[in-house]
């Protein structure tokens, strides 16, 4: 078995772009997905067709059972990891006045609790010298005007990366995060054209980031042996004016 990386939320958006780049670079892939079985199977077929060993696994990141499910999957196939990309996440766009405690807790569980306890479970399966990369967000730096829960959890992801450094030293594992701005993925493509134009007007480069451009940052963090404890922002210089 060659180099292997597990990417949560790896069949769509940023996760898919990271998977494609790493697959082209010789990594075997394990990709989790939430509910879109058809899309996940198509990604697997497309990657396997070009010679990239790809396994997919459905995992509901709002449940603790999914942590054990992923661990069991790796244990059954005796898989160890050269990289772990904790990319899957959810949001909630409920107005502040309408946020329910259970919805708040659901977003926190998926974006914070799930990756923490998945990493706890898998840390002994990650090779020394390997890398863990979290997906943070520009919205964890700039106040989020639409989703309070998302912005706060992504701020927590950034803090989590910084704090995990000391805990992963005994395992000789590095941990970093990426804070993407607005990336041209399925998630952003649902925005009305006028809102997209307003966002682009706040970006010095006047456009959204391409998925392959943000994927380059993940690959660098996985392979650069000195990057540790960093949150790398890739936003094209957002809010430059």
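Numbering (this note's numbering), first residue to last: -16 to 224. The beta-carbon is built from N, C-alpha and C at its ideal position, and this holds for glycine as well. Here the structure is a predicted model, which means the values were calculated and not measured.
### Task
Can you have a look at residue 34 and say buried or exposed, based on whether 16 or more other CB atoms are within 10 angstroms of its CB?
exposed
### Query
Can you name the start and end residues of the beta strand (DSSP E) that residue 163 belongs to?
157 to 163
### Message
Can you look up residue 190 in the DSSP assignment and give me helix, strand or coil?
### Response
coil
### Task
Give the C-beta separation of residue 68 and residue 201 to the nearest angstrom, bearing in mind that I take them to be a contact with Cβ-Cβ under 8 Å.
6 Å
### Task
Could you check what DSSP says for residue 201 in three-state terms: helix, strand or coil?
helix
### Task
State buried or exposed for residue 74, treating a residue as buried only when at least 16 other CB atoms are found within 10 Å of its CB.
buried
### Query
Mind pulling the beta strand (DSSP E) runs of 3 or more residues that sit fully within the stretch 100 to 171?
109 to 118, 157 to 163
### Uninterrupted alpha helix (DSSP H) stretches inside the stretch 57 to 97 (no shorter than 4 residues)
84 to 91
#### Entry: Own chain, CB closer than 7 Å to residue 127, minus 5 neighbours either side, in chain order
133, 134
### Residue range of the unbroken beta strand (DSSP E) whose run includes residue 4
Element bounds for residue 4: not the beta strand (DSSP E) but the alpha helix (DSSP H), -4 to 7.
### Query
What did DSSP end up calling residue 33 once you bin it into helix, strand or coil?
coil
### Query
Where residue 119 and residue 71 are concerned, what is the direct C-alpha to C-alpha distance, given to the nearest angstrom?
10 Å
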